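According to our numbering, the residues represented by the sequence shown are 7 to 73, in order.
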Amino acid sequence: MRRRLLAASLLAAAGLLGYGVHVLAGLPPRAEVRALAAKDPGPTSLMRQREAEPSRSGSPPRRSPAA
Numbered sequence: 007m008r009r010r011l012l013a014a015s016l017l018a019a020a021g022l023l024g025y026g027v028h029v030l031a032g033l034p035p036r037a038e039v040r041a042l043a044a045k046d047p048g049p050t051s052l053m054r055q056r057e058a059e060p061s062r063s064g065s066p067p068r069r070s071p072a073a
């Protein structure tokens, strides 16, 4: 019984540690975040795709007001 509890708690701890490493590895470096805070990144590929979609269908592009 004690062995099973120990194994389960070690497995849970390893899972939590693995999840923490996974989350931290997926975050961008601080230097990139600071650079984005200081300057406008410009148009993204999604923005360019949204601009191209209406021209393919023949309708005028929709523009939202600048905030």
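Here a beta-carbon is modelled for each residue, glycine too, at the ideal position from N, C-alpha and C. Just so we're clear, the structure is a prediction, and the values are computed from it rather than from any experiment.
In the three-state reduction of the DSSP assignment, residue 60 falls in the helix class, which pools H, G and I. If only uninterrupted alpha helix (DSSP H) runs of at least 4 residues are considered, those enclosed by the region 9-61 are 36-44. For the pair residue 57 and residue 49, the CB atoms are nearer than the 9 Å cut-off.
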